[in-house]
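> I have a structure I would like to understand better, so I am pasting it below and will then ask my questions one at a time.
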Amino acid sequence: MAEMLYQRDVYGKTLVELGRRTADVVVCDADLSGSTRTALFAREFASRFFNFGVAEQNMMAASAGLASCGKVVFASTFAMFASGRAWDQVRNTICYSGLNVKIVATHAGITVGPDGASHQAIEDIAIMRAIPNMTVIVPCDGPETREAVLAAFETPGPFYIRLGRAKVPSIDKRPEFRLGKGALLQEGSDVTLVACGIMVQEALKAAAELAKNKISVRVINMPTIKPLDENILAEAARQTKGFVVCEEHSVTGGLASAVAETLSEKHPAPIVRIGVKNRFGQSGDETALLAEYQLTCADIVRSAQSLLA
Amino acid sequence: MLLDSRKIKELEDKAREIRVMIVQMLARAGSGHPGGSLSSTDILTCLYYAVMRHNPKDPSWPDRDRFHLSKGHCCPALYAVLAEQGYFAKDELWKLRKFGCLLQGHPERHTPGIEVCSGSLGQGLSVALGMSLAARLDRKDYRTYCLLGDGEVQEGNIWEAAMAAAHYKSDNLCAILDYNGFQIDGRVTEVMAIEPLAEKWRSFGWYALEIDGHNMAAIHKAFATAKKIKEKPTIIIAKTIKGKGVSFMENVVDFHGRAPSRDEHDLAMKELGES
């Protein structure tokens, strides 16, 4: 059985690790520090933690001010508010100024579950990736979360790191995170599955299912959505017959869009998008929601088969 | 320390020169915001010539006082002051808003003397708050100044920042509100009333001062008072005249965001004592 971790637990612990490493690390939150786990940092470094209350716009712009004075600022809240509520502050103040603010947004996607659509960000990758200077990362599990947070710390400039709410299995034999690089999880010659976040696990399951029907599946974990690893896609376009791109996000503007943009411009190939199709989420448990929104292993299997048919 | 009358005269003369440059650069640019630039000229002149600790030769000096122009559209006034101080060559002023220029239509961080981009209203007080919190963390005694517009305080983000700055007892933060009474669509009182302004800030936990924003001695005194206020941030509500110094621009809403024509430029030069 794979190890199960909350990405946000790993995030909180990594913040503590960074906090011990340098006094330049400052953490901001907007009244969700218990949920985002920035509270772990706050407990140990109270003076370097700022809780701005339910005021995401202020948090983002104040983070910019702190960063302009040399701080490495981690700013956290739910993905819905980090991306939606404060987009102008993120665009005009953080990104236009190219400041060292790392937005680590938790509770992304429909697996937020019972809270329902108002709290289920499914457009955040799209609107964050559209901003110049912004780097966008969607780690697939706990360990990759730590690696991504460390990479963001070490790399100057604004980042958006998207984490989930629920516990996720750690991916077996996952190559270490490298910023801007996709990771080949499995070789294959018929079809390529590209996935990020919780959908990486589903893609691996789908690959195993498809193998039973003698379909050779390549699986790519694509944690960095921007800048996108064009080389790994080019190679897959040459060596397989098409792509199924899987994400817990709207099919508009996310990973699938990014992959489609790159492929259609430089390496045209058939592509099927697994994602939320122009709908809002709703309340429910994770399993029911993933099934309703067609984000399961079975949906990926079906899409791969139809692509090859 | 109070300024003597000679120093006050010097600042007033400097402000007149800054106004001349504002009109000249906007006339050449063919677009931009003269009204608010002229209303905030005396405040900016006082800050950069008599209040702030800064070094134009070393814009990233860690101990410098910070200034953030939240009402970014009034950057012509700031650009003129920064050029006069030597942050960049004065020639740059004449390329304002042109393709490939250093001086963008709204402040951009690559311009020496600009700390953080601005232009989208309502965000600057938060930025300044962040700077003041950084000073506390670094145990530095620099102060952070932030210029706000009156229409700008209609933005909700301003009040989020106001609440937070009081919460954090940021006495190293000083906001100045350029209260000229006009915004793009007309009189502030008619578009969206903001009064009672001083009471609002006081109720948010700020120390609020109300002054004549064109009286150099009063401006300077207000900054000196702000420095002495402990445990709370200060806002200087500076009553100003939009378009101050050019008679046909004064209190004329059209000049919020319209550059002077050639004739208007010439007339303004005459009024400002520039032949």
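Protein sequences, first through last, are from chains A and B. Each position in the first sequence, counted from 1, maps to that position plus 19 in my numbering. Each position in the second sequence, counted from 1, maps to that position plus 64 in my numbering. Beta carbons: idealized from backbone N, C-alpha and C, even for Gly.
Per DSSP, what kind of secondary structure is A:ASN119 in: helix, strand or coil?
Note: A:ASN119 maps to coil in three-state DSSP.
> Beta-carbon within less than 6 Å of A:PHE100's beta-carbon, same chain only, minus the 5 sequence neighbours each way: which residues are those?
Closer than 6 Å at Cβ, skipping near neighbours: GLU75.
> Look at A:VAL236 and A:GLY207 and say whether their C-beta atoms are less than 7 Å apart.
In contact: A:VAL236 and A:GLY207 (Cβ atoms closer than 7 Å).
> Exposed or buried, A:MET218, counting other C-beta atoms within 10 Å across all chains shown (16 or more means buried)?
When all chains shown are included, A:MET218 counts as buried.
> Which of the three DSSP states is assigned to B:ALA323 in this structure?
Three-state result, B:ALA323: coil.
> What does DSSP give as the partner residue(s) for B:GLN247 in the beta ladder?
B:GLN247 is bridged to B:GLY250.
> Could you compute how far the alpha carbon of B:ALA228 sits from the alpha carbon of B:GLU295?
Roughly 13 Å separates the two Cα atoms.
> What does a CB cutoff of less than 7 Å around A:SER344 pick up in its chain, not counting 5 residues either side in sequence?
Any property of residue 344 of chain A remains undetermined from this structure, which presents chain A solely from 20 to 328.
> Just checking my contact of B:VAL310 with B:VAL87 at CB under 8 Å: how many whole Å lie between their CB atoms?
Sure, about 7 Å apart at Cβ, within 8 Å.
> Select from A:SER116, A:THR112 and A:ALA124 the residue whose C-alpha is nearest the C-alpha of A:SER102.
When each option's Cα is compared against that of A:SER102, the closest is A:ALA124.
> Determine, using beta-carbon pairs with one atom in the stretch 291-306 of chain B and one in the stretch 236-251 of chain B, whether at least three such pairs fall under 8 Å.
In short, these stretches touch, since the Cβ pair count reaches three.
> Does DSSP put B:LEU197 in a helix, in a strand, or in coil?
Reduced to three states, the DSSP call for B:LEU197 is helix.
> Per the contact definition of three or more C-beta pairs closer than 8 Å, is the stretch 138-157 of chain B in contact with the stretch 170-185 of chain B?
Short answer: they touch.
> Opposite B:LEU237 in the DSSP bridges: which residues?
DSSP lists B:THR208 as partners of B:LEU237.
> A:ASN240 lies in the alpha helix (DSSP H); which residues open and close that run?
Note, A:ASN240: premise wrong, no alpha helix (DSSP H); beta strand (DSSP E) at 236-240.
> Is A:ALA275 near A:ARG298, with beta carbons less than 7 Å apart?
Not closer than 7 Å, so no.
> Mind pulling the chain B residues with CB within less than 7 Å of A:GLN108?
By Cβ distance, chain B contributes GLN187.
> Within 7 Å of any Cβ in chain A, is that where the Cβ of B:CYS181 sits?
So yes, B:CYS181 belongs to the interface.
> With distances taken Cα to Cα, identify the nearest neighbour of B:ARG83 among B:ARG70, B:LEU133, B:PHE312 and B:SER104.
The option with the nearest alpha carbon to B:ARG83 is B:SER104.
> Using the C-alpha atoms, what's the distance from A:ALA279 back to A:HIS286?
Rounded to whole angstroms, A:HIS286 to A:ALA279 spans 10 Å at the Cα level.
> Compare the Cα-Cα distances from A:GLU63 to each of A:MET79, A:LYS90 and A:VAL35 and report the closest residue.
Nearest of A:MET79, A:LYS90 and A:VAL35 to A:GLU63, Cα basis: A:VAL35.
> Please list the partners that B:MET116 has in chain A, where partner means a Cβ-to-Cβ separation under 9 Å.
Correct list: empty, because the minimum Cβ distance to chain A is about 16 Å.
> According to DSSP, which residues form a beta bridge with A:ILE180?
A:VAL123 and A:ILE156, per the DSSP bridge assignment.
> With B:GLU172 as the anchor, note down where its alpha helix (DSSP H) starts and where it stops.
Segment: none, B:GLU172 is in no alpha helix (DSSP H) and carries neither H nor E.
> Name, please, each residue of chain A whose Cβ falls closer than 9 Å to the Cβ of B:ARG173.
In chain order: SER87, TYR115, SER116, GLY117 and LEU118.
> Is the separation between the beta-carbon of B:ALA323 and that of B:SER95 shorter than 7 Å?
The answer is yes: Cβ separation under 7 Å.
> Determine the chain A residues that contact B:GLU216 at a beta-carbon separation under 9 Å, and present them in chain order.
In chain order: nothing, as chain A lies at least about 13 Å away.
> Along chain B, in chain order, which residues have C-beta atoms closer than 9 Å to that of A:ASN152?
Here the premise fails: no neighbours, minimum Cβ distance about 11 Å.
> Roughly how many angstroms lie between the CA atoms of A:ALA288 and A:ILE251, to the nearest whole one?
Taking the straight line from one Cα to the other gives about 14 Å.
> Is A:PHE196 helix, strand or coil when you go by DSSP?
Three-state DSSP puts A:PHE196 in coil, outside helix and strand.
> Using the beta-carbon of each residue, which ones in chain B are nearer than 8 Å to A:LYS121?
Simply none; closest approach about 14 Å.
> Check whether the Cβ atoms of B:SER134 and B:SER182 sit closer than 7 Å, and answer yes or no.
Contact: yes.
> Determine which residues of the stretch 208-236 of chain B have a Cβ less than 7 Å from any Cβ of chain A, and write them out in chain order.
Correct list: ASN221, GLU224, ALA225 and ALA228.
> Rounded C-beta distance between A:TYR30 and A:VAL168? I'm assuming under 8 Å.
A:TYR30 to A:VAL168, Cβ: 6 Å. Contact.
> For A:VAL270 and A:VAL295, which I take to be in contact (beta-carbon distance under 8 Å), what is that distance rounded to the nearest angstrom?
A:VAL270 to A:VAL295, Cβ: 7 Å. Contact.
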